[in-house]
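Worksheet for the structure shown next.
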Amino acid sequence: MLEDRQTAASAAPWPAAYPRGYAVVDVETTGLARDDRIVSAAVYRLDARGEVEDHWYTLVNPERDPGPVWIHGLTSDVLEGAPLFTEIAEEFAARLDGRVLVAHNAVFDWSMIAREYARAEREAPVRQRLCTIALSKELRLPLANHKLESLAAHFGVVQQRAHHALDDARVLAEAFRPSLRAAARDGVRLPLLECRPLTEWTDRSAPRIGRQQSGGSGGHLSGSWRPSRKRPACPYPNPGRYVPGKQLKQGMRIAFSGDTSVDRELLEDRAVEAGLHIATSLSRLTSLLVTNDPDSGTSKVLKARQFGTPVVDEAAFGQLLRDVEQASPK
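When we follow this note's numbering, the leftmost residue of the sequence shown carries the number 139, and every step to the right adds one.
Dropping the structure here:
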């Protein structure tokens with residue numbers, strides 16, 4: 139059945155507006171925050187129809203503690219002799235150049251990559267990204283959740299080493315190909331988003347491992363790409379609660395609870411740029427709660443249940459941010 143559908147897709151006219159090539163990417167990191175670093179990276183280059191052209195993998199010395207070794211398996215001893223990001227930046231860029239970056243929860247991978255290039259005082263040659271979570275939603279795939287393993291299982295792709303960048307990239311490439319062909323067959327518009335390179339970086343000290351980068355200032359420290367600042371007041375009135383299935387509207391009050399795969403402040407920045415108000419606490423005036431763990435017992439989740447505040451996960455919130463209804467300023 140799946141093979142027949144793929145054959146039909148390959149026989150149908152290919153959408154002229156689709157990209158000419160893709161770079162399926164996975165990065166393993168020291169953590170999820172803006173100060174964290176890449177410890178390994180993999181890229182599968184695909185042609186316009188999702189066929190694999192080649193693949194590439196590298197370890198990266200993060201110049202700090204490797205973080206959750208129990209997840210990615212990369213210890214300080216293993217990473218000490220690995221190249222610094224500045225030493226693989228050119229090859230990495232060549233793999234990305236002229237292609238759409240494809241990743242599972244792509245905003246996270248793109249954020250980590252963009253920060254590494256900002257530290258190296260360079261720009262990643264990526265102008266668009268495609269999130270396979272967003273694409274699976276566009277295709278209405280019957281997935282139990284938005285984990286990579288669920289997407290892989292749907293297409294019969296076998297994972298061999300979860301949380302190993304090369305195998306995760308392979309799995310995603312194999313799952314992306316039938317997704318892309320299904321989208322082409324059904325005339326689905328790909329959920330492409332703009333990638334904005336980071337142009338500012340503020341160093342902050344952090345524990346390091348391994349050798350230091352030579353030249354210049356003696357090496358980039360982990361840090362944020364922008365100075366901390368107080369957020370301006372939202373210029374739009376609160377239109378009330380979010381209605382499931384409809385658009386967010388400028389002025390809505392958004393609260394976050396629990397861990398997010400994307401750095402919290404980055405998510406908040408995107409919300410503010412869209413004209414939303416960031417609420418530090420949850421009240422009857424809160425329009426929406428964003429959490430990846432709606433069954434947790436945090437005070438915000440409990441209050442959301444008490445007040446009947448709508449709740450969505452991080453991936454769904456990212457999709458809602460793509461099309462926020464405009465409002466008139468106060």
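C-beta: ideal position from N, C-alpha, C; glycine also.
Source: prediction; values computed, not measured.
Is residue j closer than 9 Å to residue i when the C-beta atoms are compared?
| i | j | result |
| --- | --- | --- |
| residue 461 | residue 431 | no |
| residue 190 | residue 221 | no |
| residue 180 | residue 307 | yes |
| residue 274 | residue 317 | yes |
| residue 295 | residue 270 | no |
| residue 429 | residue 410 | no |
| residue 331 | residue 321 | no |
| residue 276 | residue 385 | no |
| residue 254 | residue 223 | yes |
| residue 446 | residue 315 | no |
| residue 454 | residue 388 | no |
| residue 235 | residue 165 | no |
Is residue i near the ligand FMN, going by C-beta to nearest heavy atom under 8 Å?
| i | result |
| --- | --- |
| residue 409 | With respect to the ligand FMN, the structure offers nothing, as it holds no ligand at all. |
For residue i, count neighbouring C-beta atoms within 10 Å of its own C-beta (all shown protein chains included) and say buried if the count is 16 or more, exposed if not.
| i | result |
| --- | --- |
| residue 422 | exposed |
| residue 258 | buried |
| residue 434 | exposed |
| residue 395 | buried |
| residue 151 | exposed |
| residue 381 | exposed |
| residue 278 | exposed |
| residue 452 | buried |
| residue 471 | Nothing can be reported for residue 471, as the shown portion of the chain is limited to 139 through 468. |
In chain order, what residues of the same chain lie with their CB nearer than 6 Å to the CB of residue i, ignoring the 5 residues before and after it?
| i | result |
| --- | --- |
| residue 310 | 162 and 242 |
| residue 209 | 301 |
| residue 160 | 184, 237, 238 and 240 |
| residue 244 | 267 and 269 |
| residue 441 | 420 |
| residue 158 | 186 |
| residue 195 | 180 and 304 |
| residue 348 | Confidence in residue 348 is poor, its pLDDT being 47 and thus under 50, which makes the residue's placement unreliable; the coordinate value appears in the next sentence. If we look at residue 348 and ignore the five residues flanking it on each side, its Cβ neighbours are 199 and 218. |
| residue 286 | 242 |
Give me, in chain order, the residues of the same chain whose beta-carbon lies closer than 7 Å to that of residue i; leave out the 5 immediate sequence neighbours on both sides.
| i | result |
| --- | --- |
| residue 182 | 162, 190, 193, 307, 308 and 311 |
| residue 378 | 425 |
| residue 355 | Low local confidence applies: a pLDDT of 30 at residue 355 is under 50, so the model's placement there is unreliable, with the coordinate-based value given in what follows. Result list for residue 355: empty, nothing under 7 Å. |
| residue 391 | 376, 415, 417, 423, 424 and 425 |
| residue 408 | 459 |
In its own chain, which residues sit with a C-beta less than 8 Å from the C-beta of residue i, not counting the 5 before and 5 after it?
| i | result |
| --- | --- |
| residue 169 | 205 and 206 |
| residue 457 | 272, 275 and 329 |
| residue 324 | 277 |
| residue 229 | 194 and 196 |
Quiz item: Do the region 165 to 182 and the region 197 to 211 make contact, defined as three or more Cβ pairs closer than 8 Å?
Solution: Taking a cut-off of 8 Å for Cβ pairs, the region 165 to 182 and the region 197 to 211 touch, as three or more such pairs fall below it.
Quiz prompt | Complete runs of the alpha helix (DSSP H) confined to the region 268 to 319 [at least 4 residues] | solution = For secondary structure counted as the alpha helix (DSSP H) over 4 or more consecutive residues, the region 268 to 319 holds these complete runs in sequence order: 270 to 276 and 286 to 292.
Quiz item: Unbroken beta strand (DSSP E) runs of length 3 or more, entirely within the region 376 to 436: which are they?
Solution: Runs found: 391 to 395 and 426 to 429.
Quiz prompt | Inside the region 201 to 245 only - alpha helix (DSSP H) runs reaching at least 4 residues | solution = As far as the region 201 to 245 is concerned, its whole alpha helix (DSSP H) runs of at least 4 residues are 207 to 210, 214 to 218 and 223 to 234.
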